[in-house]
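This is the structure:
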């Protein structure tokens, strides 16, 4: 869980080609359990975002922090952390790029 | 299979709020006992017990609550007692389980309840416990909180439909001003849009006054076969539509970010069962855990076209003197949200409306609706109630 990954990957259902990030145990579309791991572009855009100012236990030292739902270039959505850059205001439609996966959370940064 | 009609013949509730020194067991006992007395049934006539609870295991270390309450009430130990959990819709699930058992003829009289004790724990601990209904293998690992979940929806709703921050604030103002009349509400002071707008940011764009407060509380109801109801009470309220559906355990998996699919499906089923349409409803208690939820829920229930909910609030349609009064009790925003009790708290308010006994009475209310969503909309219950 402590591993850091720098390549964004998905699993692809070998029956219907649906992509999932994070992985699934079964493909909810067809019930198949055979998946192949595939690399993704790591590029996407912000569909919606917020800044969490009152955190949950275990996240106190990180607040305030940004969370967004991202539409990846490959057409799937993902809830992720957006690295906070000084003075930066997030907007819906901002282009983002994958940075890392750490303790199960995906991190992106806004690209200009 | 033919189903029997089911009626609510008795209701009970503690106030919702900071009930210092009052325990989980005590609150559940008081609400249940009040419902039993209100129904005019003997304790020995109760044939099954269901109770909703969400976070007592996590924050109080108390589980197996159903048996605890049966023993506290001195009910017959030969009856089954069961706790049900579906996050913030736990109490509505208890109501539905009771309804099913009576409707199918297994039992004639069932007691259902919901209870939560929240205010004795720290904000961080409660926030963590509430966030446990987010998928902790995926979205939960980002540090998303419940206010954060609704902030993401609010932000997208504002972007797609032009819903304004002020419209969110107007939900809070309306519900605070309704709660002035409700002795069961946690917050009973009126407020203004200025006060709401200047309250501190919790998770952008939601401010403190956009969020419901935690609360302690319990609510209960006695259910009975409709054909027997008038043996006990002159004012039975019939459950004419009831549905529970499943949504998503994380926001990113939803195709649309401005709706709760489980609300849409539960409303459809409940209206079909009742053979009614949204315009037939006189009074609504819906799940306004955050101000954008009231707007999104009202749309998803079919009361307003998608995207128009904010304007319905602005035009006063959802005020007590409007065409469709929503949350005359003060809603979760002002009445408070003891998560495992809320669904039956809503039923309590609607039953009082339909009996003509509510402190903020909607004149001539005959048909009411409750909407209770759990977690990320992972669970949704909709009930349609009608006076005889």
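Protein chains in written order, with the numbering used here: chain R, 1 to 112; chain D, 113 to 500.
Yeah, the Cβ is synthetic: ideal placement off N, Cα and C, and Gly gets one too.
Bear in mind the structure is a predicted one, so any value in this text is a computation, not a measurement.
Quick one: is residue 251 of chain D near chain R, going by C-beta distance under 8 Å? yes
Is there contact here, the segment 396-406 of chain D with the segment 473-490 of chain D, by at least three beta-carbon pairs under 8 Å? yes
Could you give the distance in angstroms between the alpha-carbon of residue 410 of chain D and the alpha-carbon of residue 491 of chain D? 17 Å
What does the Cβ neighbour count give for residue 16 of chain R, buried or exposed, with the cut at 16 atoms within 10 Å? exposed
Taking the beta strand (DSSP E) that residue 226 of chain D falls in, what are its first and last residues? 221-228
Completely contained alpha helix (DSSP H) runs for the segment 395-438 of chain D, where each covers 4 or more residues: 403-412 and 421-426
Run of the alpha helix (DSSP H) containing residue 237 of chain D, from where it starts to where it stops: 235-243
DSSP state of residue 501 of chain D mapped onto helix, strand, coil: There is no way to answer for residue 501 of chain D, as the model of chain D reaches only from 113 to 500.
C-alpha distance - residue 324 of chain D paired with residue 360 of chain D, whole-angstrom precision: 22 Å
Exposure of residue 247 of chain D, with buried meaning 16 or more beta-carbon neighbours within 10 Å: buried
Could you check if residue 14 of chain R is buried or exposed, using at least 16 other CB atoms within 10 Å of its CB as the buried criterion? exposed
Is there contact between the segment 126-136 of chain D and the segment 337-351 of chain D, where contact requires at least three CB pairs shorter than 8 Å? no
Could you give the residue range of the beta strand (DSSP E) that holds residue 141 of chain D? That residue, residue 141 of chain D, is in no beta strand (DSSP E); its alpha helix (DSSP H) goes 136-151.
Taking only the alpha-carbon atoms, compute the straight-line gap between residue 110 of chain R and residue 89 of chain R and give it to the nearest angstrom. 10 Å
Going along chain D, which residues have a C-beta under 8 Å from residue 60 of chain R? 236
Residue 211 of chain D - DSSP class collapsed to helix/strand/coil: helix
Residue 50 of chain R and residue 315 of chain D - do their beta-carbons sit closer together than 8 Å? yes
If you run the structure through DSSP and keep just helix, strand and coil, what is residue 25 of chain R? coil
For residue 329 of chain D, the nearest candidate out of D:222, D:121 and D:166 (CA to CA): D:166
Would you check if the segment 375-392 of chain D and the segment 220-238 of chain D touch, i.e. whether three or more CB-CB distances between them fall below 8 Å? no
Looking only at C-alpha atoms, which of R:43, R:8, R:10 and R:19 sits nearest to residue 97 of chain R? R:43
Inter-residue Cα distance where the pair is residue 454 of chain D and residue 226 of chain D: 7 Å
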